[in-house]
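Undergrad: Sharing a structure, written as C-alpha cells. Questions coming.
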Amino acid sequence: MKLSGLDYSSPRRFPPKCNKVKRLIQKGVPPEWRGNCWLFYSGAYDLSMRNAEVYPQLVERVTQGDLKTIGNDADLIERDLYRTFPDNIHYNPNTRDTGLNNNNNNNHPVESAFERRGEDTNPCVALPPLTQEPLLIQRLRRLLLCFSLHSPSIGYCQSLNFIAALLLLFMNEEHAFWMLNIITTRIVPNVHNRNLSGLTTDLEVLLLCVKRYLPDVYPLLSGGNAPTDSTISNAHAPSSPGTATTVGAGVAVGSGVLAATPWFMTLFITSLPLETTLRIWDCLFYNGSKTLFRVSLQIINRASKEKEFPLNLHPYDIDPNTLLNHFKGVSQRDIDTSRIYVERKRSLSTSTTNKAGGATTKGALAISLWNKHLKRKQKGKAQNTQPTTHT
C-alpha cells in the first residue's frame, strides 16, 4: 500500500491486481481493511457509485411499507432474523449494541450515498427502537427487504441472511447491498434464484471438476447421476435454516455432491469456522468463483480419505492455508466454460420432441465448445512439464 502511494491506515483504494497482491490477499486481509478490500476488488464499490440513488430509493419504499411485490418474503425474512448468528453479540437480542455504528465509521470509511448527501448512513425509520432490538438486526431486516424488492427473480432465499449478516459486520448497509448483488450475479450466478438453476449448474460443474482432478472419487459422488433440479428443489426454503447439515440432509451415496449445497448457498459460512470462511472470502472477492471450486475440491479430497466418505463431506476444522493452496490449475475460464456447457446440456435434455432439431444443434454446439476447451487444456499441459497455475 505504502509503495503504491495509497493510504494504509484506513484505505479506500487498493493496488491494481498483480501476483504480489494476490499472494498477500491469500495470506489474509487485516480485519480493519476487509470490508473496503472486498468492495474494491469485487467491483461492488464501482457498482454502487454508478447506481448511487438505487439503495436510498429502495429504503424509502421499505419505510413506506411498499412490500406488496415481494409476497411472503417479508415474513420469511422476519422469521430468520434472530436465527442468524444468535451467538454473535451484534445480533443477540439480549445485547444492546451501541458501539458498532462508531466502529463502522472508523473501519469502513468509504462513503455511501446517504453519507454523500449528509444523511444518516443507516436510517432506522418505522422500525422498533434501539432499546428493543440490536442495531444490526434492524439493518439486516432492511437490507434483505431492499434486496428482495430489487431482485424479484431471487426475492429472499434462506442462506442470504447469513451472507448479508456477515457482510454487515465489515461494511455499512448500502455497501453490503451491492456486495449481495455482486455475489448473486457474478460469484454464484442464479444459485439463489427461485428455481435454483444456478445451484444445479454449479453442483454439476463441481462434479466435472471432480471427474477431472479426482477421477477415483468421481464414481462415489456421482453414482452415474448428475444432480437435477428436483433433487434440490427444497433448498430455497430449508425447513431448519442455520445449520449446514439440514441443507444437505438425506444425501445418498449416488448423489454425494449434494452435500456441497451449503458451500455454494452460504459461501461456507455454515460449514467452516468463521476465520477460515473470512480467509476464503478474501480470495473469493479477489479471484472470483474459481476459489469456491478449488476449496470444494480440497475438502472433497481430504474427506475421500475418511471411512464415512461420501456420506459425510462436512469439512470441520481445516487449516485455511491447506484449503487455499491446492487445485490452482482450476481457472476462471474452466468454471465459466463448464457452466455454459452444463446449461446447454440441460437445455438439450429438456427440449421437447417437436424441437429436436433445434435442440440437437444446441447440444452439438455445447459438446463442440467443451471439446475445444479440453483440447486447449491438454495442449497447455503438453507444453509445460509442471501444471499451469492460472491467475
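In case it helps, full-length UniProt numbering puts the sequence shown at residues 1 to 391.
Cβ coordinates follow ideal geometry from the N, Cα and C atoms, glycine included.
All figures in this text were calculated on a predicted structure; none of them were measured in a lab.
Counting Cβ pairs, one atom from each stretch, are 3 or more of them under 8 Å apart for the stretch 256-273 and the stretch 19-31?
TA: Segments in contact, no.
Undergrad: Short of 8 Å in beta carbon distance, which residues of its chain neighbour I137, apart from the five on each side in sequence? Order them along the chain.
TA: These residues qualify, in order along the chain: L81, Y82, Y91, P93.
Undergrad: Alpha carbon to alpha carbon, what distance is there between R141 and T337?
TA: When rounded, the distance between both Cα atoms is 36 Å.
Undergrad: Given this structure, state the Cα-to-Cα distance separating A260 from R212, to the nearest angstrom.
TA: The alpha-carbon atoms of A260 and R212 are separated by roughly 17 Å.
Undergrad: Under 8 Å, with one C-beta from each stretch per pair, do the stretch 197-206 and the stretch 275-282 reach the 3-pair mark?
TA: Too few Cβ pairs lie closer than 8 Å, so no.
Undergrad: Please confirm whether R13 and F170 have their CB atoms less than 8 Å apart.
TA: The answer is no: Cβ separation not under 8 Å.
Undergrad: I need the straight-line Cα distance from G71 to L149, nearest angstrom please.
TA: Cα to Cα, G71 sits roughly 10 Å from L149.
Undergrad: Check S48 in the structure and name its three-state DSSP category.
TA: The answer is helix: DSSP assigns S48 an H, G or I state.
Undergrad: Where does N94 fall in DSSP's three states?
TA: Note: N94 maps to coil in three-state DSSP.
Undergrad: Are the Cβ atoms of V188 and S289 separated by less than 8 Å?
TA: In contact: V188 and S289 (Cβ atoms closer than 8 Å).
Undergrad: Can you tell me the Cα-Cα spacing of L292 and G43, whole angstroms?
TA: Using only the alpha carbons, I get a separation of about 18 Å.
Undergrad: Decide if N181 is buried, meaning its Cβ has at least 16 other Cβ atoms within 10 Å, or exposed.
TA: Label assigned to N181: buried.
Undergrad: Of all the options L168, L196, S48, C37, which has the alpha carbon lying nearest to the alpha carbon of N88?
TA: That would be L168, whose Cα lies nearest to the Cα of N88.
Undergrad: Taking all protein chains shown into account, decide if M49 is buried (16 or more other Cβ within 10 angstroms of its Cβ) or exposed.
TA: So M49 ends up on the exposed side.
Undergrad: Are the beta-carbon atoms belonging to L284 and F327 less than 8 Å from one another?
TA: No, they are not a contact pair.
Undergrad: Use the C-beta contact count for G65: other C-beta atoms within 10 angstroms, 16 or more gives buried, fewer gives exposed.
TA: Under this definition G65 is an exposed residue.
Undergrad: CB-CB under 7 Å to A164, same chain, minus the five flanking residues each way: which ones, in chain order?
TA: If we look at A164 and ignore the five residues flanking it on each side, its Cβ neighbours are L140, L143, L144, A176, L180.
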